[in-house]
Amino acid sequence: MELTVRELKEEDLEKFQEFWKFQDEEANRFYVHFLVQDPKERARLFLNESSDKIIVLKDNSIIGWGHLTHHPDYPETPSLGIIIKPEFRNQGIGHLIMKRLIQLGKEKKYKGLYLTASKYNLRAIHLYLEFGFKLIEERTDGVVVMRYEY
Ligand SMILES: CC(C)(COP(=O)(O)OP(=O)(O)OC[C@H]1O[C@@H](n2cnc3c(N)ncnc32)[C@H](O)[C@@H]1OP(=O)(O)O)[C@@H](O)C(=O)NCCC(=O)NCCS
0 MELTVRELKE EDLEKFQEFW KFQDEEANRF YVHFLVQDPK ERARLFLNES SDKIIVLKDN
60 SIIGWGHLTH HPDYPETPSL GIIIKPEFRN QGIGHLIMKR LIQLGKEKKY KGLYLTASKY
120 NLRAIHLYLE FGFKLIEERT DGVVVMRYEY
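Going left to right, the sequence shown walks through residues 0 to 149 as numbering that gives the first Met the number 0 numbers them.
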């Protein structure tokens with residue numbers, strides 16, 4: 000599969016809006032930004048937020064998205080998020096994005112990265128552990144908090 004991994008740019012907006020049009024039970028459960036129902040609005044929100052933004056393209060269409068979202072109170076430890084279009088999952092694309100995001104974080108000299116995930120999201124947790132994230136807290140609401148240290 001011929002894939003391109005690169006940063007998301009302003010001019011990708013239309014493609015990015017296309018990307019978000021899929022329906023997905025897994026994302027409804029596990030990806031909090033799916034609470035924003037309208038795919039166009041979701042794309043705009045992500046494009047405008049303060050974050051490092053990575054996409055994977057196949058045949059000029061976006062099939063995966065990952066981000067390190069900045070928080071004003073924790074500038075040295077942004078939070079990581081990632082989602083792959085359902086039909087492209089389990090084919091190593093999550094790995095490509097994780098690798099690039101961790102590399103980007105290193106270049107930007109972040110101290111670490113953190114993320115939250117549902118404890119039932121076994122595939123995502125498997126991926127995060129593989130890349131060196133450590134479990135730092137399991138909350139009573141079934142959410143796990145994980146952290147990567149540079
Ligand atoms: C989680 C997600 C981003 C992973 O991306 P992906 O492209 O499917 O991941 P990859 O194919 O690169 O790697 C998946 C790994 O999980 C493993 N895996 C798959 N299903 C699994 C399961 N049920 N339990 C444990 N591990 C599992 C695979 O074997 C592979 O590991 P390996 O490298 O050791 O073989 C993707 O599945 C997704 O978009 N899920 C919905 C959105 C989401 O949950 N985002 C994360 C929110 S915290």
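Just so it is clear, CB atoms sit at the ideal spot from N, CA and C, and this is done for glycine as well.
- When LYS107, THR68 and LYS57 are compared, the shortest CA-CA separation from LEU95 is found for LYS57.
- Linking THR139 to ILE62 through their CA atoms gives a straight-line distance of about 33 Å.
- Ligand 1 has a heavy atom closer than 8 Å to the beta-carbon of LEU121.
- Of the other Cβ atoms in all chains shown, fewer than 16 fall within 10 Å of the Cβ of TYR73; this residue is therefore exposed.
- Not one heavy atom of ligand 1 lies closer than 8 Å to the C-beta of GLY131.
- Rounded to whole angstroms, the separation of the alpha carbons of ILE82 and LYS8 is 18 Å.
- When distances are taken from the beta-carbon of GLY141 to the heavy atoms of ligand 1, even the shortest one reaches 8 Å or more.
- Within the DSSP bridge table, the entry for MET145 names LEU114 and LEU134 as partners.
- Residue state for LEU126 is assigned as helix, using DSSP reduced to three classes.
- Sequence-distant Cβ neighbours of ASN59 in its own chain, meaning closer than 8 Å and more than five residues away, are LYS14.
- Per the coordinates, the alpha-carbon of LEU44 lies some 18 Å from the alpha-carbon of LYS84.
- C-alpha of ILE92 to C-alpha of GLU48: approximately 23 Å in a straight line.
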